[in-house]
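Colleague: Below is one structure. I have some questions about it.
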Amino acid sequence: MTVEGNSSVPALAPETTTYLEMLSPGELRPSRADPGMLTVRRLPASEFATGRRLYQEVGNDYLWIDRLVWSDRQWLEYYQRPDIEFWVGESGGNLAGYFELDAGKDGSTELAYFGLLPSAIGRGLGGLLLTAAIRRAWANGAKRVWVHTSSRDHAGALPNYLARGFRIYKSETSLAPTTVG
Ligand SMILES: CC(C)(COP(=O)(O)OP(=O)(O)OC[C@H]1O[C@@H](n2cnc3c(N)ncnc32)[C@H](O)[C@@H]1OP(=O)(O)O)[C@@H](O)C(=O)NCCC(=O)NCCS
Numbered sequence: 001m002t003v004e005g006n007s008s009v010p011a012l013a014p015e016t017t018t019y020l021e022m023l024s025p026g027e028l029r030p031s032r033a034d035p036g037m038l039t040v041r042r043l044p045a046s047e048f049a050t051g052r053r054l055y056q057e058v059g060n061d062y063l064w065i066d067r068l069v070w071s072d073r074q075w076l077e078y079y080q081r082p083d084i085e086f087w088v089g090e091s092g093g094n095l096a097g098y099f100e101l102d103a104g105k106d107g108s109t110e111l112a113y114f115g116l117l118p119s120a121i122g123r124g125l126g127g128l129l130l131t132a133a134i135r136r137a138w139a140n141g142a143k144r145v146w147v148h149t150s151s152r153d154h155a156g157a158l159p160n161y162l163a164r165g166f167r168i169y170k171s172e173t174s175l176a177p178t179t180v181g
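Per this note's numbering, residue 1 is the first one in the sequence shown, and the count goes up by one each step.
The following block contains the structure:
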């Protein structure tokens, strides 16, 4: 959608970004779904094409656009960074979703990207994948785990973070474009 009468100006709408954190491993409330439904594994940087595909397909409905312009080299260099981990979740032998961890220099690890493919949503996998991501961050030695989510993400995104024990420490609302370009 664009502003009527000016096709080059995208329409704006309020967007709220909510920041959440967890300060100790004991705050995690693990998903109660059957853990056998999901396996997770870390992928090497050389499999960046899977990361790109997941970014595009998971974020397609939620205006995840920043990385659409990334070249192969940018994807590779990003995943080669020692502070970045790229993990996928699989269910029944099929790719279900992914997460990325970004270990900050101050001991705070950001859950930088997290989500399921549309076909995997609503079956309990989101809680399991989030549990795995948080456990991995703590296992890596994080002192704090944090994440932010947009009001444009899936309606279950914020409830899932809260259900696993994250607490909100900040939220900001601003006007943002409702479409790409
Ligand atoms: C958000 C997302 C991970 C939820 O996955 P899911 O498989 O539907 O979640 P689950 O069925 O495992 O439910 C996990 C928890 O979230 C809650 N939840 C999930 N969908 C919900 C919804 N539509 N409304 C309210 N709560 C919801 C559940 O109540 C559940 O809590 P519980 O574990 O205490 O029972 C998934 O929808 C997704 O990846 N969406 C697209 C990408 C995205 O928005 N990622 C987040 C970016 S910050």
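The beta-carbon is built from N, C-alpha and C at its ideal position, and this holds for glycine as well. Here the structure is a predicted model, which means the values were calculated and not measured.
#1: Can you list, in chain order, the residues of its chain with a C-beta nearer than 8 Å to that of W70? Leave out the 5 residues immediately preceding and following it.
#2: CA-CA distance, D66 and V58?
#3: On the premise that R42 lies in contact with E85, defined as a C-beta separation below 8 Å, what is that separation, rounded to the nearest angstrom?
#4: Tell me whether the beta-carbon of D102 lies closer than 8 Å to the beta-carbon of D83.
#5: Spatial neighbours of H148 within its chain, please: C-beta separation below 6 Å, excluding the five flanking residues on both sides.
#6: Quick check on this structure: which residue in Y62, A132, Q56, S150 has the alpha carbon closest to the alpha carbon of S171?
#7: Would you decide whether N60 is buried or exposed? Buried here means 16 or more other CB atoms lie within 10 Å of its CB.
#8: Excluding the five sequence neighbours on either side, which residues of its own chain have a C-beta within less than 8 Å of the C-beta of E4, listed in chain order?
#9: Name the residue from L76, T173, E100, V145 whose alpha carbon lies nearest to the alpha carbon of A45.
#10: Classify M1: buried if its beta carbon has 16 or more other beta carbons within 10 angstroms, exposed otherwise.
Modeller: The relevant details are as follows:
#1: R52, Y78
#2: 14 Å
#3: 6 Å
#4: yes
#5: Here the set comprises T17, Y19.
#6: S150
#7: exposed
#8: Confidence is the limiting factor: at E4 the pLDDT is only 48, short of 50, which leaves the residue's position unreliable and the question unanswerable from this model.
#9: L76
#10: With a pLDDT of only 40 at M1, under 50, the local geometry of the prediction cannot be trusted, and the value read off the model is given with reservation. Under the 10 Å beta carbon count, M1 is surrounded by fewer than 16 other beta carbons and is classified as exposed.
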